[in-house]
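Everything below concerns the one structure shown next.
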DNA sequence: GTGCAAAAAATCGTATACAATTTAGTCGTC
DNA sequence: GACGACTAAATTGTATACGATTTTTTGCAC
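Protein chains in written order, with the numbering used here: chain A, 299 to 535; chain B, 299 to 535.
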């Protein structure tokens, strides 16, 4: 009865086999910053690493390039994306443009159980903020993104959800490159404030908080050209 | 000096060879409605048609699946996307959500020469509206989409431009399936009104017109399940 | 003639092989 | 010793080949 069952999953049945799994594994590695921007992803290496042929490795890399997480250069290979400051600005401009709309749709459709789910995410987030260690920070980054992705899922629009998937993943790359503050990339209790505003049906306030939140993340960035990037451009323009 | 040169084109140099060209060719055929929704795109057939191996055909089809223009079903093959009424609603919901924001950014950055370019597009559009024949109607559909895509290009955000690329292409599929009016799918002189509002710096009015315009397109659709779809589902569930 | 089961054909999933391009290394010349 | 051209290694681009899954056809029983 609920048409969302059709909308929530992009592919009909289980994964398209092999390539999909490899793509997800590499994407996780990129988003969790275990793969640094600019790292070369040789097709042979990826294939050997996952015990598959170069065919599947190549398919996975191409898929990642469509999401903007990997750049494939003709006859040169695939590299973990190294977003330029300008790309970073575009990513956040896109989020400022999109997320308020998603928030409004989500607020209009949200159910009590979904509110509960969101609150649980917030608890997990604050818990991770209290812990030490790299793994905790990685989990925190992921949880922070999951908040925005869950909102997109609640909005019920599979297309916007996919767009947000891409934007959140790329945001993680940008924060890895240009983030300054050692602490939480996403912030404070701003997520909680947004949920509170949604609960009290104050949509305008929720949107304002969301925009403020995104601006806050962006303000923590130092969007100056990195040396490595400059060097690369100097050698291979 | 302008870092936009890096941002405006997703791929650095010319096409990734083969697969990219095939992808574009098939995409054009889909958008121009020379390939009907639901048509099977066998890897072998596509390969033979373009005189390439199945490898490249497959890569092109996968690329199209990432754009939502074809559905690849595991072990069954690729088919020109057959958007469900629900998907159609999501596509237009996404456009309503995104396009006002793009319009605002475009209005803030637009140059006189770009205004001129837009006006030329409008002239071309009205010219095509006056002509008869399938080819003219195809060109009209394309021109109508180009208006929205040009706006996205002017906004200067390559990411939003890509999102709009996808949404406009999929909209064409939806209109092909569910459009009712035999005449212009996109409408009247609404494009012209939007440009006029932009020129007079009346952003709020421009956004209102844009939303009205999108609603107008959607209102022309008959979003009922098509029989063919039902039959197909009955035979191959 | 209808319905089901098994075999044949077609199609996709994946691996391997070869050609083309790039990159690294080497040798010779200045 | 530095620079440039040539050769060799590595990597990507594309094609072909083989195994797995699906679809169609065939054949038989009822």
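Backbone N, C-alpha and C fix where the C-beta goes; we use that ideal spot for every residue, glycine too.
In this text, all values refer to a predicted model and were calculated from it rather than measured experimentally.
Please state whether the Cβ-Cβ distance between residue i and residue j is less than 8 Å.
i: residue 463 of chain B; j: residue 449 of chain B; result: no
i: residue 358 of chain B; j: residue 328 of chain B; result: no
i: residue 537 of chain B; j: residue 356 of chain B; result: For chain B, the structure presents residues 299 to 535; residue 537 of chain B sits outside this window and is missing.
i: residue 378 of chain A; j: residue 334 of chain A; result: yes
i: residue 285 of chain A; j: residue 439 of chain A; result: Nothing can be reported for residue 285 of chain A, as the shown portion of chain A is limited to 299 through 535.
i: residue 501 of chain B; j: residue 404 of chain B; result: no
i: residue 256 of chain A; j: residue 389 of chain A; result: With chain A covering only 299 through 535, there is no way to say anything about residue 256 of chain A.
i: residue 336 of chain B; j: residue 380 of chain B; result: yes
i: residue 407 of chain A; j: residue 505 of chain A; result: no
Grab me the residues of residue i's own chain with a C-beta within less than 7 Å of its C-beta, minus the 5 sequence neighbours each way, in chain order.
i: residue 420 of chain B; result: 489, 490, 493
i: residue 416 of chain A; result: 448, 493
i: residue 312 of chain B; result: Residue confidence is low: residue 312 of chain B scores 49 on pLDDT, short of 50, so the model does not pin down where it sits. Its coordinate-derived value is still stated next. Closer than 7 Å at Cβ, skipping near neighbours: no residue.
i: residue 503 of chain B; result: 495
i: residue 521 of chain A; result: 383, 386, 387, 476
i: residue 315 of chain A; result: none
i: residue 435 of chain B; result: none
i: residue 432 of chain A; result: none
i: residue 545 of chain B; result: The first residue shown for chain B is 299 and the last is 535, placing residue 545 of chain B beyond what the model contains.
Run the CB neighbour count on residue i, radius 10 Å, all protein chains shown included, and call it buried at 16 or more, exposed below.
i: residue 430 of chain B; result: exposed
i: residue 418 of chain B; result: exposed
i: residue 442 of chain A; result: buried
i: residue 410 of chain B; result: exposed
i: residue 487 of chain A; result: exposed
i: residue 363 of chain B; result: buried
i: residue 325 of chain A; result: buried
i: residue 393 of chain B; result: buried
i: residue 423 of chain A; result: buried
i: residue 510 of chain B; result: exposed
i: residue 302 of chain A; result: At residue 302 of chain A the pLDDT is 33, less than 50, meaning the model places this residue with poor confidence and gives no usable figure here.
i: residue 529 of chain A; result: Confidence at residue 529 of chain A is low in this model, with a pLDDT of 44, below 50, so the placement of that residue is unreliable and no value is reported for it.
i: residue 531 of chain A; result: Residue placement at residue 531 of chain A cannot be trusted, given a pLDDT of 47 that sits under 50; the coordinates are not used to answer.
Give every residue of the same chain whose Cβ lies closer than 8 Å to the Cβ of residue i, excluding the five residues on either side of it in the sequence, and list them in chain order.
i: residue 400 of chain A; result: 449, 450, 453, 455, 458, 462
i: residue 523 of chain B; result: 382, 383
i: residue 251 of chain A; result: With chain A covering 299 to 535 only, the question about residue 251 of chain A has no answer from this structure.
i: residue 374 of chain A; result: none
On the premise that residue j lies in contact with residue i, defined as a C-beta separation below 8 Å, what is that separation, rounded to the nearest angstrom?
i: residue 385 of chain A; j: residue 512 of chain A; result: Contact doesn't hold; Cβ gap of about 16 Å is too wide.
i: residue 519 of chain A; j: residue 478 of chain A; result: 7 Å
i: residue 317 of chain B; j: residue 354 of chain B; result: 5 Å
Using a Cβ-Cβ cutoff of less than 6 Å, which residues in the same chain neighbour residue i once the five nearest sequence positions on both sides are dropped?
i: residue 376 of chain B; result: 339, 359, 368, 370
i: residue 283 of chain B; result: In this structure chain B extends from 299 to 535, so residue 283 of chain B is not present and cannot be described.
i: residue 474 of chain B; result: 331
i: residue 499 of chain B; result: none
i: residue 361 of chain B; result: 321
i: residue 391 of chain A; result: none
So, does the region 464-472 of chain B touch the region 365-379 of chain B, judging by three or more C-beta pairs under 8 Å?
yes
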